[in-house]
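Peer 1: In order, the protein sequences belong to chains A and B. Counting in my numbering, the first sequence runs from 1 upward without gaps. Counting in my numbering, the second sequence runs from 10001 upward without gaps.
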Amino acid sequence: MANTEDHHHEITQGETTVQLALAAGHHWSTVWQHGQNASLRHLRKHHNVLFPGDRLFIPAIRPRQVSKPTDATHQFVRKGIPEKFNLQFLDYDNKPLANAPYVLTLDGFASTGNLDADGWLRVFVRPDVRSGRIEVGPHGSLAACDLNFGHLDPLSTLTGLQARLRNLGRYDGPIDGENNDLLKEAIRAFRLAEDLPEGDEIDDDFRQRLETNHRS
Amino acid sequence: MPHSPLLHAKPKDYVFEPAQAEQLRLEQGAYGERFRSPVAPQQQALVSTSIEQVCRPTILLEIIFYSKIHLVTPEEFVQKAKDYHKILRDETLLLYNDIKDNRKIYQEWAEPDGFIESAVTNSTAAFAAATDAVVGFFKAVKRAPKPNINEFDKLIERTTKIAYDVNAASTALTYENIHEIGIHLALIREDSRRLYKAVDLFRNRAIDSAETITKGLETAEGASFQVLALVPTLTGMDPLREAAYRISLIVLRAGGRSAGAALAETSIIRELCGVLKADVPPMLVEVISSVLRGAIPKGAGKELLIFIVKQEVEFLCDLALMVNERGTNLTEEDIKQLGLNRLTSCLSELISRLLGGRPSDTGVQRLAKSLAENTINTLWRDVLTARETAKTQGREFWDVFLAEFPWTIVKIIQGTFVGVLQRNASRIAFEPHTADGQQSSLDVLKAQKASSIFTGQRLTQPTPNPNSKRPPLGPMSVSEYRQWSQELYLHPDIAGQLRRYAHDSEQFVAFRVPSRAMALHASEYTKRPKPLWLKAKSATLGDCEGLVTKPTIARPIRPDNEAAVVTWEKSIESIKKNGAMVREDGVVFHPDMLRDAAKANPADSVPYQRAAQILAELQAKGHFDLTTHGALEALHQSYPHEAAALRQLLQQARVGYYPDLDLAEVFDANTGDRIPVGAGNEKDPAELAYLQRNRSNLDQTVNINDDVRNIPPEARGPDGKPRVSLDNTSPHVQSLFQHGADNEYYKPGEGGPIGVIGPDGRKWYFKNRDDFEAGMRTILGPKYRDPGQRNVRGILMTKNSKDDPTSGAMAKGSGERIDTAKFNRIRWYYERARQDSPGLGAPVPSYDIWMSLFQRGLSIEPHCFALAPGGRWNDLHAILQKHGTFAAIDHDAKNLVIAGATPESFANGLARLARTADDLGALSVPHLTLWFELYSSHKPVTSDYILNRIGGPDPGVSSAIDDVRSAVTAFATKPGHQMYAFALDGFHPTYSPPQPAPIPPRPDLLPPADRNRLYREHTVGSFGLQPPNFGQVEGQKLLAAWDHLITRKLTFEEVKILGRPVAIFTAGLAACLANVEPMGIPSLIQPRERPSLLVS
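(1) If we count the other Cβ atoms within 10 Å of its Cβ and call it buried at 16 or more, is HIS199/A buried or exposed?
(2) Using a C-beta cutoff of 7 Å, does GLN88/A count as contacting chain B?
(3) For GLU10157/B, which beta-bridge partners are listed by DSSP?
(4) What are the residues of the region 10972 to 10996 of chain B that lie near chain A, defined by any Cβ-Cβ distance shorter than 8 Å?
(5) Taking only beta-carbon positions, decide if ASN114/A is within less than 7 Å of chain B.
(6) Would you call the region 75 to 86 of chain A and the region 111 to 119 of chain A touching, i.e. three or more CB-CB distances under 8 Å?
(7) Pull out every residue of the region 10897 to 10913 of chain B whose Cβ sits closer than 7 Å to any Cβ of chain A, in chain order.
(8) Starting from TYR10175/B, find everything on chain A with Cβ-Cβ shorter than 8 Å and list it in chain order.
(9) Give a yes or no on whether 7 Å exceeds the smallest Cβ distance from TYR92/A to chain B.
(10) Should THR11051/B go down as buried or exposed, given a rule of 16 or more other Cβ atoms within 10 Å for buried?
(11) For ALA10653/B, tell me which candidate among GLN11036/B, VAL10587/B and VAL10968/B has the shortest Cα-Cα distance.
(12) Using CA atoms only, rank isn't needed, just tell me which of LEU97/A, HIS74/A and PRO138/A is closest to ASP118/A.
(13) Please state if the CB of ALA10970/B and the CB of VAL11055/B are separated by a distance shorter than 7 Å.
(14) Going along chain A in order, which residues have a C-beta closer than 8 Å to the C-beta of ILE10051/B?
(15) According to DSSP, is CYS10317/B part of a helix, a strand, or is it coil?
(16) Would you kindly report the start and end of the unbroken beta strand (DSSP E) that includes ASP10918/B?
(17) If I follow the unbroken beta strand (DSSP E) through GLY10900/B, where does it start and stop?
(18) Pull up the distance between the alpha-carbon of ASP10668/B and that of GLY10752/B, whole angstroms please.
(19) Can you name, in chain order, every residue of its own chain whose Cβ lies under 6 Å from the Cβ of GLY137/A, other than the five neighbours on each side?
(20) Determine the burial state of THR10902/B: buried for a count of at least 16 other Cβ atoms within 10 Å of its Cβ, exposed for fewer.
(21) Consult DSSP for GLY217/A and reduce its assignment to one of helix, strand or coil.
(22) Write down the C-beta distance between LEU22/A and LEU40/A rounded to the nearest angstrom, noting that I regard them as a contact closer than 8 Å.
(23) Express the C-alpha separation of HIS74/A and HIS151/A in angstroms, rounding to a whole number.
(24) Report the CB separation of GLU10052/B from GLN33/A in whole angstroms; it is logged as a contact under 8 Å.
(25) Using 10 angstroms around the beta-carbon of ARG188/A, count the other beta-carbons present and answer buried if the total reaches 16, otherwise exposed.
(26) Within 7 Å (strictly less), CB to CB, does ARG170/A reach chain B?
(27) Three-state secondary structure (DSSP) at GLN10023/B?
(28) So, does the CB of ALA163/A fall closer than 7 Å to a CB anywhere in chain B?
(29) Would you please verify whether the beta carbon of SER156/A is less than 7 Å from any beta carbon of chain B?
(30) Report back the beta-carbon spacing between LYS10527/B and VAL10655/B to the nearest angstrom; my notes put them in contact at under 8 Å.
(31) Give me the subset of the region 50 to 62 of chain A whose CB atoms are less than 8 Å from a CB atom of chain B, sorted by chain position.
(32) By how many angstroms is the C-alpha of THR10408/B removed from the C-alpha of PRO11028/B?
(33) Whose Cβ in chain A lies nearer than 7 Å to the Cβ of GLN10044/B?
(34) For ALA10144/B, which residues in the same chain have their Cβ closer than 6 Å to its Cβ, ignoring the five residues on either side in sequence?
(35) I want to verify the contact list: residues of chain B whose CB lies under 8 Å from the CB of PRO197/A, in sequence order.
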């Protein structure tokens, strides 16, 4: 559908600014930096970490005219493609899985490579990638998990907390935004490991440590 | 005391440092995750592009109980925090009790005042000479350096504090609380171990010092005395109670008891059972042998015992698992699968060693079967009781069952070992056991009674018999048995008992030589000697010869048939009253004999039971004689569909009453006096016979497993002990003496042949009374008197006479003493019991491997190998040396067994077998069956993830075995999997020697076929001529545990070399195999002589 009119889009789970901008024919910054999105920018720190229900203003496509001579070849580059995907793999003792081989499958297409010396997977992906799977080590013996792109919610939300704790191996329960016993236990364990005061309170210190550990 | 390790000890010997948390080396328990895995395969990472994020494996929480780490997910923790808390609460209480109990035991050492009193009262009251030494010993104990008893109090205090913490934690089930409690308990347990170690050191030194005393006691009393009375007192514990206690500790160590109950995890139960299977048998055999001492064979026999105990423990574990999973709906097939047959054949081996004879002998097999069934009954009852108790009390089945587990095992051991030995002891007064005449098995019976486990109270020691000065009577040889059987028509059992009876009572026993068919009937388990109420005559003619039979005019049963008919008429009422019946062919029998037949023939149990039921119902209607038309008609009318089958079954059943043994006269060997043995009245001195007969009448069955306390009052002597044998399956002499010589007194020139047995074990045969008198005149010499002059001396078979196996007529035993070395050995067994211990144990000696091949009739002779076409056998020797393996072939060159030990690892052992097979070129030989056997003193240990794991998790499959990767299935590459471990589960047949054809019966031993319907039923096997039945030889089945790299799921596959399975033998089984009766022996190599048989 051609994006001919300005409109607000209500975010659903799994959607990111990059995906929506690509679909609307914009560079993600065109959308994110739009004046109509100032309040959202204030609320969410990162354009790809939104929360279902957020309203993102997507301006209509404005045709742009560029004069070029005929009988010549001209190159146009679409900005914002591809996206970069950064994921660090740590082992149980928090040590990176340095230089480990991996197989990354995105939307059915597999690619192989090695993690870097710090255990980072740094690859370019299509902005609209929605799911994938990564296996690190022979037969995934070091790590193997499914990837759900765009599903990481903001840190300020309970689902965001749950997702980060799960990524850190601290939480194995559902991502439902409920402050259930499992989440409390995970918070308590995390606070204990981070030398924070005991308890299951979600305070600023906790969020800060969680962000530091998760890198986002 | 010349040198006292007790007094020369230094106080610092008993000091230990408290454990620190970082020093704990906790094993991984059965519950929870296998290991700290990488990112879980099912994990989903929630990510986004253009930001950085981290992915870490799911954290696993460490829950510690029973000093083991269990890795659980946070989710699992939240779900089961209450269970963990319950486990820790139980553990705290158990630990508390354990320390308190140990404190109590140690207190007797540290402050031995009450101890002295008990020891003096129990042990040395009658031995004043030894009292001083004992008192001196305890004084030394008091003043010697010793561990501080306050250390126990400290531990108790710490445990109490933890108990408070556990209670407090019930309202705050946080991971930190649970984790911390587990750590504290592990620390206390570690400290208690260190303290117990110090106490053990002290105890051992004290026992060393006590040896001088026990030596002194030994000279003053039988060895059983000091072992049974003093040593248990010294160690503060009854040996069998100690066995149960040690089993309890192993159960605790396995972490299974409460954990299994709380979590009801099969994995934990498996771990528990595995630890029990691996660790309990050796320890138990050590402890039991310390009680039973000289009665248990040493050397390879001990391995056999371990194997048998292992079978029983396995049986118990598997039965409980099965009942837990499936309830009580188990079929006979299920029981068979559990290893009943294997247990039976093992018991046959044990019994033949303890009681003599061959394992294939009818009597031995009968007893083994009876023991196995009794064992199963005991287990079955315990399992069902546990189930019921769990149901009524609202507890978990395992909680109840495991609490009783140690005692159940001890009960089984009682049923097996003590049961066999008790049987042996009951024969002591009649049959010899050892060549030197020692009666150590009687000690065993006393050992059992002295144990407070079985009686609830410790009985006083009997007074030694001062008259045991006579030279001992040696055992009867097989040829003697045969001779007696030929000449006197005595069944071997009866002959042996009579001979022993005559020896022990110093009498000449004269008896009417029985019908020669009696010997055959007496070996039938389901047939019984003629009871007192049965006055009818037995047949000496026709198909029913040797059995009490209804005589008719048309079908005479004896030459004096008319008199027999008259007697029969008088007997009818008694027959009816006592529930006996008459078969269609006239044989008198009791329906309960069919129930016995059902026990003896499990495969036909149902029809036999049904037949007994129908006959009982028929009796109720007033019919007892199936030779009458009325009874048969009633049978067909009431059971139209079953009558025909019943009649056929009944006609084939081996039931009936064989005749009693009629005494002619009994003389006192020292005086020549004639001794009356009663007129058959209930209250006369033949009472023993009467009581025994009552039991034979099946209304008061007392079997070998029955508690002494359950013996009917009339069978007890004044001291409460049974005065007669507990045996109801063996025809004892007393049971054959229906009436004494007074009634059967021979008139001159009257009667048939008479047999006489003398006190020196000799026998005589006299054609008639006159010959008998003449012969006795010669034998007795000046002591002989004419029949009219023989005075009556009085009563012989009174209470506590020598025929009573429980009387004091025992020789002094000189069995093995419990010394420090023995205690150390027991402790060594206990201490080495470590779960998941790596390695393969001690290598199996080459000799054992060779013997297991040779004694199954296999050969390494080149000419045997040359029989196999196409092979390259010439360099056989070089090949075997190169690979360190063994190979042997049968005489038909149809089976080749390649065997090897496992000095390095199982993988290497398998590789060497495969390489040997390859070098031998066996693949190219047609019609040659390959068998692979691996021998190892491995120590299978359990974890939840695999069955019985061998060695550590590393299977040792290295690149060095690439050359046999295609030959050995476990070495093959399996996509997505890795070999995780070798494991054992179940059994697998390996090469078994062919079953030899039975030797036909000797015509000179048996009546012609046309006269004796038993001709086809009996062979001379009862006399030891039957070739042994080897049955199927089985090894344990080797499995490869494959680990799926993604899902971490384990799968098990049987390991095969060149498509053939591999059988694993432990050293113990190898020792058993070495006992296989040799057959087809290679010409140059003669196996050493050993008792026969193995397992089937």
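All C-beta atoms, glycine included, are put in the ideal place defined by N, C-alpha and C.
Peer 2: This is what the structure holds:
(1) The amino acid at residue 199/A is misidentified as His; the sequence shows Gly. The residue in question, GLY199/A, is exposed, as its Cβ has fewer than 16 Cβ neighbours within 10 Å.
(2) yes
(3) Partner(s): none; GLU10157/B has no beta bridge.
(4) GLY10976
(5) no
(6) no
(7) none
(8) GLU185, ARG188 and ALA189
(9) yes
(10) exposed
(11) VAL10587/B
(12) LEU97/A
(13) yes
(14) Within 8 Å Cβ-Cβ: HIS46, ASN48, VAL49, ASN86, LEU152, ARG215 and SER216.
(15) Three-state result, CYS10317/B: helix.
(16) Taken as a continuous stretch (DSSP letters only), ASP10918/B belongs to no beta strand (DSSP E), being part of the alpha helix (DSSP H) at 10906 to 10920.
(17) 10895 to 10901
(18) Between ASP10668/B and GLY10752/B, the C-alpha separation is close to 23 Å.
(19) So the qualifying residues of the chain are ALA100.
(20) buried
(21) Only positions 1 to 216 of chain A appear in the structure, and residue 217/A is not among them; the question remains open.
(22) About 18 Å; that fails the 8 Å criterion.
(23) 38 Å
(24) In fact, because the Cβ distance is near 22 Å, the residues do not count as touching under 8 Å.
(25) buried
(26) Closer than 7 Å: yes.
(27) Three-state DSSP puts GLN10023/B in a helix.
(28) With 7 Å as the cut-off, ALA163/A counts as an interface residue toward chain B.
(29) no
(30) 6 Å
(31) none
(32) Confidence is the limiting factor: at PRO11028/B the pLDDT is only 38, short of 50, which leaves the residue's position unreliable, though a coordinate-based value still follows. So the two alpha carbons sit approximately 33 Å from each other.
(33) CYS145, ASP146 and ASN148
(34) LEU10006 and LEU10007
(35) Under the 8 Å cutoff, chain B gives no residues; its nearest Cβ is about 13 Å from PRO197/A.
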